[in-house]
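Inspection log for the structure reproduced underneath, given as structure tokens.
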Amino acid sequence: MSETLIASKAAPVRFENVTKSFGRDVVAVDNINLHVEAGKLVTLLGPSGCGKTTTLRMIAGLEMATSGRILIGDRDVTTLPATDRDVSMVFQSYALFPHMSVLENVSYGLNFSGFSKSETRDRALAGLELVGLKGFDTRLPSELSGGQQQRVAVARALVLEPQVLLFDEPLSNLDAKLRRQVREDIRAIQQDLGLTVVYVTHDQEEALAVSDEIVVMRNASIAQIGTPRSLYDAPVDRFVADFIGEANILPCTIESVEGDMATISIEGYNHVLPARGLATGAAKLAVRPSRLVIGAQDGFKATIAKATYVGVRMEYTLEASFGSMFAVHEDVDTPLEVGSDVTVGFSQKGPVLLPEA
Amino acid sequence: MKKLSTLALTSIVALGAGVSAAQADKLALYCSAQEDWCQLMARSFEDATGIDVNMTRKSSGETFAQIKAESANPKGDVWWGGTGDPHLQAAEENLTMAYVSPMRDQLHDWAISQATSAGDKTIGIYSGALGYGYNTDLLAANNLPEPSCWKDLLKPEYKGHVQMANPNSSGTAYTTLASMVQLFGENEGFEFMKGLHANINQYTKSGSAPIKAAGRGENTIGIVFMHDAVKQAVSGFPVKVVAPCEGTGYEIGSMSIIEGARNEDEAKKFYDWALSTDAQNLALEVNAFQVPSNTGAETSPSAPDMSTITLIDYDFKTYGSSAERKRLLQKWDEDVSTLPQ
Amino acid sequence: MRHVLSETTAHPALIFWIVAGWVGFCLLPWYGVEDGFFAFEWLVDGYPFDEDYAPAAFLIGQGEKLWLTPLVLPLITSIFALGRKKSDPLYAKILIASGAIGFGWLIAQGFGIGIRGFNFEWLKALFGNLGDRQFGMGYGALLLASAYLFLFTQGIAARGAINGDVFVVSAIGGVIVIVTVFVFFPIAKMLLAAFITEEGGYSASVFASKFFDDRLWGLGCLSGGRCGVAWNSLFLAITVGILTTVLGLVFALVVTRSGFRYKRALRALTVLPIITPPFVIGLALILLFGLSGTVTQFFADLFGVQPTRWLYGMPGVLIAQTLAFTPIAFLVLIGVVEGVSPSMEEAAQTLRANRWQTFRTVSLPLMRPGLANAFLLGFIESMADFGNPLVLGGNFDVLSTEIFFAIVGAQYDQGRAAVLAMVLLFFTLSAFYAQRMWLGKKSYTTVSGKGDAGVHPLMPNGLAIPVFIAAGVWGLFTVVVYGMILYGSVVELWGVNNTLTFKHYVTAFSVRIEETGIRWTGAAWDSFWTTIYIAAAAAPLTAIVGLITAYLLTRQSFAGKNAFEFGTMLSFAIPGTVIGVSYILAFNVPPIEITGTGIILIVSFIFRNMPVGVRAGIASMSQLDKSLDESSLTLGANSWQTFRRVILPLLKPAILAALVYSFVRAMTAISAVIFLVSAEYDMATSYIIGRVENNDYGLAIAYSTTLIFVMLAAVGLLQVLVGRTKIGRRTQFGAKEQT
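Residue numbers (numbering that gives the first Met the number 0), protein chains in the order written: chain R, 0 to 356; chain D, 0 to 340; chain F, 0 to 738.
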């Protein structure tokens, strides 16, 4: 079917000590090293100004690295301009050419690739079919909905069978309901065709949903690289912990360390968990709201400061002697009362020690 | 986008095509007489000989300046018309070519002496006496006396009612200046100019503009060549022509071939033709009331009768030389034009 | 799978320019052909052996002009670049060397050897008398020079400049060269002329004496005499700037902030003066307010006083210039007034300010940059204006006309003209610089914001009343003036014989149908056709140069961009007279000898009007999202293809604006044109001025009226030709770009 016409030439991407500065003062990307395996979807995640978009644009060739090397496949593309790289990009604003029809938009890149007119047309139509827009070829972009426009942008990028496909915050212009659907579509296409995709977003839930690997960036550097699960469960520092999902940061004391396990105590409550290379002494603990067990047998004392009903669950703000924390609980029918004292413990697999906050 | 390039291309090609005439013989004519006369001369010559004429009309001062500027690489071929002094100056500066036309013996003496005084580099084609004209309606409306002499123009009643051209750009005005110097002597002549300056409302660029403005009622008295004033009167404007009582200067309109002209043969053809009676009679068709230089040419009955006018013995050689010209103009610039009005 | 052509095959641009270079050297006539290249007469008249028409190769082959020989070497060496890959460092080196040496030698021999052999004494001393000479360069030389330039730029691009983008580097190189040749070179030559003595040497004291002349700087008018020309111009320009800004603001307020119903008519009215030939307004004013003018006579009779020539001099010029330049202020200010965010004014009102206070404390301050912009534009236009002072100036001399008389008058003082031009240039450049400083970067994108969805409040009553009165009076005045113009074209002899007649139109435009075809017998046809051809040729070229420059300025960044930007906008501040004078000084002698041709007129128009194409392009391109470019690049198109397929089609409004403006300006230009017209190329405006000088008012006005209608028709035609991009949505490109 259409798959026979659109194949994939996925290649890995490697950044070696890449730095990008603008002028003399602004360092947008500071000496990063990155390896994206072929056929994987890697997300660059971080707050505004962290350097993720700049990194993406360097892969595309829209920005040139100030120092370091960039390799796509085995080719050093550091000085190669965007025109000559085999990288396609889907822009945040889609950047569809308003004066061309949908088919002309999708065929645009093919015109420069040396195909005959009929082959260009066939490939473009196949691309449209792949994104589910068969029959839309003569429409103008202004006549399409946001979601449809985005799919045209994707088709336009795909038909060139790029080595790497880039997405720059593709869902930010869509309404909430559409986002889930579209991100699943993107992931499906990527997996079906085995494409190398680098994806930029600031929405951590989206990142967790679609990625094989996430690169969390902060202040022009990489904070942590890992699979969604490892990032969620084992953040390397406070920033990552707080950025991916919510995390309560609690002070604790490491009582003892045996092998890779450590025993910590908070106000007399003990818990065993991986030591992560730390020694005895004061430490910080990161606990997800869903891993706090309210009304546990064993735990530390806290008081309910706030109780909020959000339909699907109850959200509680708890006050303990060392600070406040945020917890969630599925039991919406018998909520706890504000002011009541509770015992709070940890679920078995949950809290992590932060190597250095 | 395609449309744009087609448009651009067509326009450039059209330009090229429109630019080139099909004919081989061409003549670049610099004309300094009235526009309509210039047009008629150009077209008539074209009809008579089939030579394509490109004519530009500029005042004699402007034309002289242009010929001088282009002297390294002349673009014009023949200079026809305009008062004689710039022609003489051009001859002196070797900007024009010596040529003795076979038509020469048909001309009046004054035309021939113009040529000999310039080493045959120029020749007289018409002459006209200097004078002034005034708008009779405006004169009456302002309760002003009718002037008949040069010195009348200095009267305080005429303040703001007189106009003449700027001698720097107009041959007519330069002739006026030189005439006053020859008529009254240099010191008294300049005193006259200073007195006149007080009554002047504007120095125009072109020599005949003062009487044209008078014709339109934008000015009362204009100092011009009398034939210019006659022309306005004949055209229907309420203008009266005056030959000043003290006597007056005159001009000899001239023609010269430019040195280094690209179409020298055609220039000579034009030169000869322009001196013929046929060509000189064309003046009548355009109400040009100068006196033609060919003795056989007709003069209009409306033209001023030169025999009744007191003409000074105008020394063309001296006052046509560039040194004297510069000196007089500089003196006028410094001593006269800067005075308050 | 993407075929990266640049790696494997030779770049088509390289092949093209090498071939072009050889064609220029071996096929096309090297020197300028006298009767016009496009007449093609030279093909049958002795080509290729005749010295006048021979290509350089044939010249050298016949043993003539041997100094041209070195030019063939870089042509040969550049061929060696063909076999190499772009990434090979030798490729770049070959091209840079060939291009630079070839271009450099061409320039050197062009300036070194002229009409009389060697141009410089030290060359004569070195080599003895040349015994030969050369004239101006022709199409052969031009093509070879371009080839060398673009080989050079390709070499630089291969070295990595701007990421190896050949199109961008070549465009930058091309624009720099033509701006240098046609703007900086003539101006520099003219400024040098200020130092020339009578004998032809240079002297600073000559310059000083001319510069500190009383005629320039005298302050006599303070005590009843005449002031220096410089002060006259300055005072006039400041007054005109203020008046036009105020009036422009008044009209802008009426159109945007009132309930006035005939806004469209008002807009049309204000724009009319832009397409009017320069001194027509002056003429109409004479007919109305001159010594024998209708209105003057009327009031003289009414009050029983004598009419005076009050119009001639500063009053007349002031009125004429205000009439002529208010539309420009209006166009600037309407963008500004509309751009003030309505929500700010609404916020002020919710904070208890009434309409007047809002206007005074919020709206007006926000409009200040626009007001400054409008003032400076009016100032520059007044300084450069030539036609109105010529007709109405009387004894009030201004710089632009003085320059003209210095060159054209019988005294022919190049040095004086150059000094005056320097002063004029100083004034306009200062104003231009002040404008840039005040407005910073924002000076190029119009201050019209994409307004938020709010509605502008109406003017407070205290303001509305004087504004309406002013607008009404001025609008009426404009209508009357134009009515006069029309009337003046159909009366027999204004002021003397008021019978209605079409005689003037007939004199100008009579046509006779003969067997051989149409014979254009009217007096005006010659200059008319010339003007149309020249304007039509200049307009697209202006648009192209302007838009490419705008593209470089908005979409690319490179070293020296600020200087580049300043250079290209400079010609806007250079008055037409200065351009005219500098062109005749610079281009009347080899190596570039184009005076007396149509080319010099076209070139002067291109560079006079280019800044408008640039501004329109910048404004439009700023509204195009940069991601359109970038997506095109990532899809494999290079800069040239992106420019051609993506940006240009979306720029139709800017293209139209540039074409219209260039065409109109070319048709109505006088100040530069009057120096550059020749026997063969007389322009309509120069012809009309001749008529005015000759008292042929009827003919002049009839011709001018016809020109106005022709321009309206041309504008309409251009709109149809360029068309509208079908992008299917109610665009920002719509109504806003009209103004």
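C-beta atoms are modelled at their ideal positions from N, C-alpha and C, and glycine is treated no differently.
None of these values were measured; they are calculated from a predicted model.
- Could you say if the region 19-29 of chain R and the region 208-225 of chain R meet the contact criterion of at least three C-beta pairs nearer than 8 Å? yes
- Limits of the alpha helix (DSSP H) - the one that tyrosine 147 of chain F falls within: For the purposes of this step, residue 147 of chain F is identified with residue 148 of the third sequence, where counting begins at 1. 138-157 is the extent of the alpha helix (DSSP H) around tyrosine 147 of chain F.
- Nearest to threonine 400 of chain F (by Cα), restricted to the options F:Asp412, F:Gln413 and F:Gly386: Sequence index remark: in the third sequence, residue 400 of chain F carries index 401 (1-based). Taking only the C-alpha atoms, the option nearest threonine 400 of chain F is F:Gly386.
- What are the boundary residues of the beta strand (DSSP E) that lysine 57 of chain D is part of? On the second sequence, residue 57 of chain D is found 58 positions in, with the first residue counted as 1. Taken as a continuous stretch (DSSP letters only), lysine 57 of chain D belongs to no beta strand (DSSP E), as it is neither H nor E.
- Query: Applying a beta-carbon distance threshold of less than 7 Å, which residues of chain D neighbour glutamate 679 of chain F?
  - Reply: As a working mapping, residue 679 of chain F is identified with position 680 in the third sequence. Those are Asn53, listed as they occur along chain D.
- Along the beta strand (DSSP E) that carries glutamine 223 of chain R, what are the first and last residues, could you check? Position 224 of the first sequence, counted from the start, is the residue given in the question as residue 223 of chain R. Unbroken beta strand (DSSP E) run through glutamine 223 of chain R: 220-225.
- Message: Let me make sure I understand the geometry here. Which of D:Ile257, D:Tyr270 and D:Glu263 has the alpha-carbon closest to that of glutamine 88 of chain D?
- Response: Looking up residue 88 of chain D in the second sequence gives position 89. Nearest option by C-alpha distance: D:Ile257.
- Message: Is the separation between the beta-carbon of leucine 272 of chain R and that of glycine 344 of chain R shorter than 9 Å?
- Response: Reading the first sequence from its first residue, position 273 is the one you call residue 272 of chain R. Reading the first sequence from its first residue, position 345 is the one you call residue 344 of chain R. No, they are not a contact pair.
- Query: What three-state label does DSSP hand serine 321 of chain D in the structure shown?
  - Reply: Taking the first residue of the second sequence as position 1, residue 321 of chain D is located at position 322. Helix at serine 321 of chain D.
- Please report how far the alpha carbon of phenylalanine 259 of chain F lies from the alpha carbon of serine 168 of chain D, in whole angstroms. Position 260 of the third sequence holds residue 259 of chain F. Position 169 of the second sequence holds residue 168 of chain D. Between phenylalanine 259 of chain F and serine 168 of chain D, the C-alpha separation is close to 51 Å.
- Relative to the alpha-carbon of glycine 131 of chain R, which residue among R:Ala64, R:Asp75, R:Gln148 and R:Ile263 has its alpha-carbon at the smallest distance? As a first step, residue 131 of chain R must be located in the first sequence, where it is residue number 132. Of the listed residues, the one whose Cα sits closest to glycine 131 of chain R is R:Gln148.
- Which residues of chain R have a Cβ atom closer than 7 Å to the Cβ of aspartate 624 of chain F, listed in chain order? Taking the first residue of the third sequence as 1, we reach residue 624 of chain F at position 625. Neighbours of aspartate 624 of chain F on chain R, chain order: Ser92 and Ala94.
- Run of the alpha helix (DSSP H) containing aspartate 300 of chain F, from where it starts to where it stops: Start at 1 with the first residue of the third sequence, and residue 300 of chain F comes out as number 301. Taken as a continuous stretch (DSSP letters only), the alpha helix (DSSP H) holding aspartate 300 of chain F covers 293-302.
- Determine the contact status of phenylalanine 476 of chain F and valine 390 of chain F, defining contact as a CB-CB distance below 9 Å. Along the third sequence, read from residue 1 onward, the residue named residue 476 of chain F stands at position 477. Along the third sequence, read from residue 1 onward, the residue named residue 390 of chain F stands at position 391. Cβ distance not < 9 Å, so phenylalanine 476 of chain F and valine 390 of chain F don't count as in contact.
- Item | In DSSP terms, what lysine 19 of chain R is bridged to | Indexing the first sequence from 1 puts residue 19 of chain R at position 20. Looking at the DSSP assignment, lysine 19 of chain R forms a beta bridge with R:Val28.
- Task: Rounded to whole angstroms, what's the CA-CA distance from isoleucine 379 of chain F to threonine 203 of chain D? Just pull it up for me.
- Result: Residue 379 of chain F sits at position 380 when you count from the first residue of the third sequence. Residue 203 of chain D sits at position 204 when you count from the first residue of the second sequence. Cα to Cα, the separation comes out at about 26 Å.
- Kindly list, in the order they appear in chain F, the residues whose Cβ is closer than 8 Å to that of leucine 61 of chain R. In the first sequence, counting from the first residue as 1, residue 61 of chain R sits at position 62. By Cβ distance, chain F contributes Glu629, Leu632 and Thr633.
- Task: Starting from the C-beta of leucine 159 of chain R, find all residues in its chain whose C-beta is less than 8 Å away, skip the five residues before and the five after it, and write them out in chain order.
- Result: Position 160 of the first sequence, counting from 1, holds the residue named residue 159 of chain R. So the qualifying residues of the chain are Asp85, Ser87, Gly108, Leu109 and Ser112.
- Query: Does methionine 57 of chain R come within less than 9 Å of chain F when only Cβ atoms are used?
  - Reply: Working through the first sequence from its first residue, we reach residue 57 of chain R at position 58. No, its Cβ sits nowhere closer than 9 Å to a Cβ of chain F.
- Query: Which partner residues of asparagine 269 of chain R appear in the DSSP bridge assignment?
  - Reply: In the first sequence, residue 269 of chain R corresponds to position 270, counting from 1. The partner list for asparagine 269 of chain R (beta bridge, DSSP) reads R:Ser264.
- Query: Got a sec? Which residues, its chain only, sit under 7 Å from phenylalanine 606 of chain F by beta carbon, not counting five neighbours each side?
  - Reply: As a working note, residue 606 of chain F is residue 607 in the third sequence. Within the same chain, phenylalanine 606 of chain F has close Cβ partners Phe181, Val182 and Ser570.
- Task: Please determine if the region 45-56 of chain D and the region 669-682 of chain F are in contact, where contact requires at least 3 C-beta pairs separated by less than 8 Å.
- Result: For the pair of segments examined, the region 45-56 of chain D was found to touch the region 669-682 of chain F: the number of CB pairs separated by less than 8 Å reaches three.
- Query: Given that asparagine 522 of chain F touches chain D, what residues does it touch there, using C-beta distances under 7 Å?
  - Reply: Reading the third sequence from its first residue, position 523 is the one you call residue 522 of chain F. Residue identity differs from the one stated: residue 522 of chain F is alanine in this sequence, not asparagine. The contacting residues are Gln38.
- Query: What whole-angstrom Cβ distance do valine 174 of chain F and threonine 548 of chain F have, given they're in contact under 8 Å?
  - Reply: To locate residue 174 of chain F, count along the third sequence from 1; it is residue 175. To locate residue 548 of chain F, count along the third sequence from 1; it is residue 549. 5 Å between Cβ atoms; contact.
- Taking buried to mean at least 16 other C-beta atoms within 10 Å of its own C-beta, is glycine 145 of chain R buried or exposed? Position 146 of the first sequence, counted from the first residue, corresponds to residue 145 of chain R. Exposed, because fewer than 16 other Cβ atoms sit within 10 Å of the Cβ of glycine 145 of chain R.
- Item | Residues of the region 185-202 of chain D with Cβ closer than 8 Å to any Cβ of chain F, in chain order | Asn200, Gln201 and Tyr202
- Item | Cβ neighbour criterion (16 or more within 10 Å) applied to threonine 445 of chain F | Here residue 445 of chain F is taken as the residue at index 446 of the third sequence, counted from 1. The predicted position of threonine 445 of chain F is uncertain, since its pLDDT is 31 and thus under 50; no value can be drawn from it.
- glutamine 640 of chain F at chain R interface by Cβ criterion, 9 Å: By 1-based counting over the third sequence, the position of residue 640 of chain F is 641. True, the Cβ-Cβ gap to chain R drops below 9 Å.
- Message: Report the CB separation of aspartate 84 of chain D from tyrosine 318 of chain D in whole angstroms; it is logged as a contact under 8 Å.
- Response: The sequence position of residue 84 of chain D within the second sequence is 85, counting from 1. The sequence position of residue 318 of chain D within the second sequence is 319, counting from 1. Yes, aspartate 84 of chain D and tyrosine 318 of chain D are in contact; Cβ-Cβ is about 6 Å, under 8 Å.
- Item | Any C-beta of chain D under 9 Å from that of glutamine 305 of chain F | Translated into the one-based positions of the third sequence, residue 305 of chain F becomes position 306. Answer yes: the Cβ-Cβ gap between glutamine 305 of chain F and chain D drops below 9 Å somewhere.
- Message: Quick check: what's the CA-CA separation for threonine 427 of chain F versus glycine 369 of chain F?
- Response: What you label residue 427 of chain F is simply residue 428 of the third sequence in a count that begins at 1. What you label residue 369 of chain F is simply residue 370 of the third sequence in a count that begins at 1. Using only the alpha carbons, I get a separation of about 18 Å.
- Message: Quick check on this structure: which residue in F:Pro326, F:Arg644, F:Ala417 and F:Glu491 has the alpha carbon closest to the alpha carbon of phenylalanine 206 of chain F?
- Response: As a working note, residue 206 of chain F is residue 207 in the third sequence. Measuring from the Cα of phenylalanine 206 of chain F, the nearest candidate turns out to be F:Ala417.
- Identify whether glutamine 162 of chain D lies in helix, strand or coil by the three-state DSSP scheme. Here residue 162 of chain D corresponds to residue number 163 of the second sequence, with the count starting at 1. In this structure, glutamine 162 of chain D counts as strand in the three-state DSSP scheme.
- Kindly list, in the order they appear in chain D, the residues whose Cβ is closer than 8 Å to that of glutamate 592 of chain F. The sequence position of residue 592 of chain F within the third sequence is 593, counting from 1. Residues of chain D passing the Cβ test: Asn72.
- lysine 25 of chain D and isoleucine 50 of chain D: beta carbons closer than 9 Å? Counting from one through the second sequence, the residue named residue 25 of chain D turns up at place 26. Counting from one through the second sequence, the residue named residue 50 of chain D turns up at place 51. Against a cut-off of 9 Å, the Cβ pair of isoleucine 50 of chain D and lysine 25 of chain D comes out as a contact.
- Message: Just to confirm the assignment, what range does the alpha helix (DSSP H) spanning histidine 328 of chain R have?
- Response: The residue given as residue 328 of chain R occupies position 329 in the first sequence. Segment 322-328 is the beta strand (DSSP E) holding histidine 328 of chain R; no alpha helix (DSSP H) there.
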